[in-house]
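Asks:
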Amino acid sequence: MKLSNYGYKERTTKVYPMEMGQMKNLVLQAMVRNDAEDYLVRIVNVTVGEVLEYDGMRELIMADLNNVYEVNILRMASVHMNDTGRDVIVVNIEEIEDEMF
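Residue 27 in my numbering sits at position 27 of the sequence shown, and the numbers go up by one each step.
1) Look at the Cβ atom of GLU70, then the Cβ atom of ILE43, and state whether they are nearer than 8 angstroms.
2) Per DSSP, what are the beta-bridge partners of ALA77 in this structure?
3) Excluding the 5 residues flanking ASP38 on each side, which residues of the same chain have their C-beta closer than 6 angstroms to its C-beta?
4) Taking a contact to mean a Cβ-Cβ separation below 8 angstroms, would you say MET31 touches ILE73 in this structure?
5) What does the Cβ neighbour count give for MET23, buried or exposed, with the cut at 16 atoms within 10 Å?
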């Protein structure tokens, strides 16, 4: 079944492989550069649906992440959540897996 037959379009996504420590450093640099030290940070693992939340830069710095664990960064964006009135940095990651099939 081709989804293009139903009006859907293909979109390509850039993937940035890096270690969790590098990703953490990248987010912290973006927070300082954009004066966003108090933003909520959500790291969303799209492979398993897991969400990690850190309330501001201080909590992200103190987070016990496996800094050498390699992941693919799919997207990093800053959004505003209207229901809570907070700004959030969302980082979508996926685990790097060996191809089984």
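Using N, Cα and C, we set each Cβ at its ideal position, and we do this for glycine too.
Replies: The short version:
1) The residue you call residue 70 lines up with position 70 of the sequence shown. The residue you call residue 43 lines up with position 43 of the sequence shown. In this structure, the beta-carbon distance from GLU70 to ILE43 does not fall below 8 angstroms.
2) Indexing the sequence shown from 1 puts residue 77 at position 77. Answer is VAL90.
3) Reading the sequence shown from its first residue, position 38 is the one you call residue 38. The residues are GLY56.
4) Taking the sequence shown and counting its residues from 1, one reaches residue 31 at position 31. Taking the sequence shown and counting its residues from 1, one reaches residue 73 at position 73. Between MET31 and ILE73, the CB-CB gap reaches or exceeds 8 angstroms.
5) Reading the sequence shown from its first residue, position 23 is the one you call residue 23. Buried.
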